Structures are given as C-alpha cells and as structure tokens.
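Visitor:
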Amino acid sequence: MRAKNVPSRNIDRWLWLAGIVVVLDQISKWLVLGWLRPGDSVYFAPFFNWVLVFNPGAAFSFLSDAGGWQRWFFTALAIAIAAWIVSILPRHSGEFRLSLALTMILGGAVGNVIDRLRFGAVVDFIQWHAAGFYWPAFNLADAAICLGAGLMIWDQFASGSARRQGSPP
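With the first letter of the sequence shown counted as 1, position 53 gets the number 341 in our numbering; the numbers rise by one all the way through.
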C-alpha cells in the first residue's frame, strides 16, 4: 500500500480531469455563443444573469483596453503556467488536494487559452449581482482557476498545520 503523499508519478487521472474541465468550459461557451449576442443580459435569478462578454484582458477585465498586446501576453503566460503545472504534477500526484488544485488551474488556463486563440478574448457569461453591485462576468474556466487557487491556499494551511503537529497532511 502506497503512503498518501508519496508521488505515484502517474498523472493520467489528473490530465483526464483537466481535459474534462476544458471540455465542459468549451461546451458551455459554445452553448452561450449560440444563444446570446455580445452585450445581451438575460435575467435568471435575483442574483444571477446570463450575459455574453468578450474580455480581452485578464480577471476583472484587467488590461482589457491595453491595445491588443495583452492577448499574446496572457496566452503565453497561461501556456507557461500550464507547462509548469504539468512538470510539477508528477511530484505531487499522490497529494490529492494539491493535485486537484493544480489540475483545476490547468484546465481553466487551457480553456481560456483556447478562447484567446480563437476569438482574441475570453468568452465570459456568468454574472452575479446583489443590491445593485455587479461582479464582473466570468466563465467555467475562471471558476475552475479560482477553485484551484482556493484549494491551494487550503492545502498550504492544512499541510502547514499537519507538519507543525507532526502528522501527515
């Protein structure tokens, strides 16, 4: 029986999961692109709208009006991050929480790279709002990246706490 945090070097299951994230992200965008026009907003619930926005920038439309160079910058950055994740995943494949976090970030990054290469921008379509305040539109790839980042933070706190107490994470 292999110890819980001993790397198996087998990252196939993690790459499959990243692929599922990419497929779900792209299917959701395909459906939205067939249903909405840019700028459309469809009420769904008191706190949630379906919208269609092409975001050439990063999260929260950061650098969206930078003149076009950001498309290639964010594409290259996401590809570099994806390559780094694939390179370190074998060392951590036995650590469930960290591997899941890295996998979600990988799938989200690849999903958004596909958009940047196809459209020159990321397709965003989920919009949360409350009391007149609107969260910037996002997509499933963005949600996967945020989930992965949250899991990484949780993993660091949980692993650090376990190390201090002398038990495995």
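Ideal Cβ placement from N, Cα and C applies to all residues, glycine included. Since we're looking at a predicted model, the values are computed, not measured.
Determine whether the beta carbon atoms of residue 390 and residue 377 lie at a separation below 9 angstroms.
Guide: yes
Visitor: Thinking C-beta only, is residue 435 closer than 9 angstroms to residue 386?
Guide: no
Visitor: To the nearest angstrom, how far is it from the Cα of residue 333 to the Cα of residue 429?
Guide: CA-CA distance, residue 333 to residue 429, rounds to 22 angstroms.
Visitor: Using a threshold of 9 angstroms, state whether the C-beta atoms of residue 311 and residue 392 are closer than that.
Guide: no
Visitor: In its own chain, which residues sit with a C-beta less than 7 angstroms from the C-beta of residue 344, not counting the 5 before and 5 after it?
Guide: 352, 358, 359, 408 and 409
Visitor: Where does the unbroken alpha helix (DSSP H) through residue 343 begin, and where does it stop?
Guide: Taken as a continuous stretch (DSSP letters only), residue 343 belongs to no alpha helix (DSSP H), being part of the beta strand (DSSP E) at 336-343.
Visitor: Taking the beta strand (DSSP E) that residue 333 falls in, what are its first and last residues?
Guide: 329-333
Visitor: Assuming residue 320 contacts residue 411 under a Cβ cut-off of 8 angstroms, what Cβ separation, rounded to an integer in Å, is found between them?
Guide: 7 angstroms
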